[in-house]
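In my numbering, the protein residues as written are 9 to 300.
Below is the structure:
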């Protein structure tokens, strides 16, 4: 199968808004490279993305997408003056996978969890480790929305808990919950590619016995102690009453995939069913959490 790769060169402060827009256009993968040979170092927050001043953002998209409409939306979102160059090319799956490897390296979350790509040597650590092969499914831990969720999971008591990862992508959040002590995990997605990637990663990490992988079409999982959903703003609003039914009394809801300027609207929606806490922000993104 062929894919369309769109690459936009932009300033660091536009990476978040641009990534959010690309995900709204159902980008399967988004990767980042420096435009020049500039190097960055950030030892204080290893789980939070830090961008080069001039960053090249590449997205894998369905080849049938209307590129003219997408480019117009990008110009509207970040401004024409912030687009310092762009290119469009067609890639086969194997080519994209090699490109994707260049941007995914081992990461640590909240001092309690390590996520490492399968192509890197084993990390010498006493912490729980997830070995990941994301394939074409979203979720490596590098993007702010995923790292926010991983930090939340890593700082929470998951021992013996039932967890739903709704919109599981690569399965990274379900795998993290299992590694951190959850007893029953349900990984749910509408995309067959995501379900396949989650199954492969669960097998790779010897966690398949703890994770039930199901399509949205298979029906609702049983109510859980924790439901975590890293998807997009509009689906989160639409799914609010569904999520309310899937979180048992006293349980927790965790939401990401939300831009900072969308957080208050999402809070208002979920306050109908949950006691919501204060948003947690990273780059242009927000994580919301609350109790049933």
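C-beta atoms are modelled at their ideal positions from N, C-alpha and C, and glycine is treated no differently.
All values reported here derive from a predicted model rather than from experimental measurement.
| Query | Result |
| --- | --- |
| From 85, 65 and 114, residue whose alpha carbon lies closest to that of residue 96 | 65 |
| Rounded C-alpha distance that separates residue 196 from residue 180 | 12 Å |
| Proximal residues to residue 269 (C-beta, below 6 Å), its chain only, five neighbours per side dropped | none |
| Residue 294: first and last residue of the uninterrupted beta strand (DSSP E) it sits in | 293-299 |
| Residue 18, enclosing beta strand (DSSP E) - first and last residue | 10-19 |
| Sequence-distant residues of the same chain with beta carbon closer than 8 Å to residue 26, five excluded per side | 16, 18, 65, 82, 85 and 86 |
| Beta-carbon contacts of residue 194 that lie in its chain and below 6 Å, excluding the five residues immediately before and after | 172, 220 and 229 |
| Element boundaries [beta strand (DSSP E), containing residue 290] | 288-290 |
| Coil, strand or helix - residue 228 by DSSP | coil |
| 8 Å contact criterion, which residue 254 and residue 293 should meet: CB distance rounded | Contact flag wrong, Cβ pair sits at about 23 Å. |
| Residue 249 burial status per 10 Å Cβ neighbour count (16 or more: buried) | exposed |
| Reference residue 277; option with closest CA among 289, 288, 290 and 263 | 263 |
| Sequence-distant residues of the same chain with beta carbon closer than 6 Å to residue 198, five excluded per side | 224 |
| Residue 291 to residue 152 span [Cα, whole Å] | 7 Å |
| Contacting residues, own chain, Cβ-Cβ under 7 Å from residue 139 (five flanking each side not counted) | 124, 126, 212 and 213 |
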